[in-house]
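A short write-up of the structure that comes next.
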Amino acid sequence: MPNNKAKKSTLELFNLDRIDRDVFQWKGQNFGWQRIYGGQVMAQCLIAANHTVEAPHQAHSFHSYFLRPGIMEESILFYVDRIRNGKNFTTRRVRAIQNGEAIFACSISFQKKEKRV
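For what it's worth, our numbering labels the leading residue of the sequence shown as 142, then goes sequentially.
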């Protein structure tokens, strides 16, 4: 079972600060390794996009592109583009920018939670 320090460190990976309506920042951390794990950036993009979507919409489609390696100790800006806000479907595009260059891009579609039949 992980200790409290490990849990706190893990949660810090996903703590994004809202800079503007559709801009979020992760300040970077020193965890002892240089490169960012790709799944971390994917999750951070999903979190950023989710902050711009109203409930009860949930992510149901995620398409992503790894463009450059990320550096763990450097901050990342997440720019969310509100492509479409619909009654049942909402679409977001997110760009992860580090040191002025895109390291990751994705398109996420959210769907309104449907009642089960």
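Note that beta-carbon positions come from the ideal geometry of N, C-alpha and C, so glycine has one too.
**Cβ-based neighbour list, residue 213, same chain, cut-off 8 Å, excluding 5 preceding and 5 following** = Within the same chain, and ignoring the five residues on either side of residue 213 in sequence, the residues whose Cβ sits closer than 8 Å to its Cβ are 169, 170, 171, 172, 174, 175, 176 and 177.
**Cβ distance (whole Å) where residue 163 is taken to contact residue 223 below 8 Å** = The Cβ separation is near 7 Å, so the contact holds.
**Prompt:** Can you give the Cα-Cα distance for residue 197 and residue 216, rounded to whole angstroms?
**Reply:** One C-alpha to the other measures close to 31 Å.
**Asked** Opposite residue 253 in the DSSP bridges: which residues?
**Response** Paired residues: 198.
**Terminal residues of the alpha helix (DSSP H) in which residue 218 lies** = Where residue 218 is concerned, there is no enclosing alpha helix (DSSP H), although the beta strand (DSSP E) it sits in stretches over 217-226.
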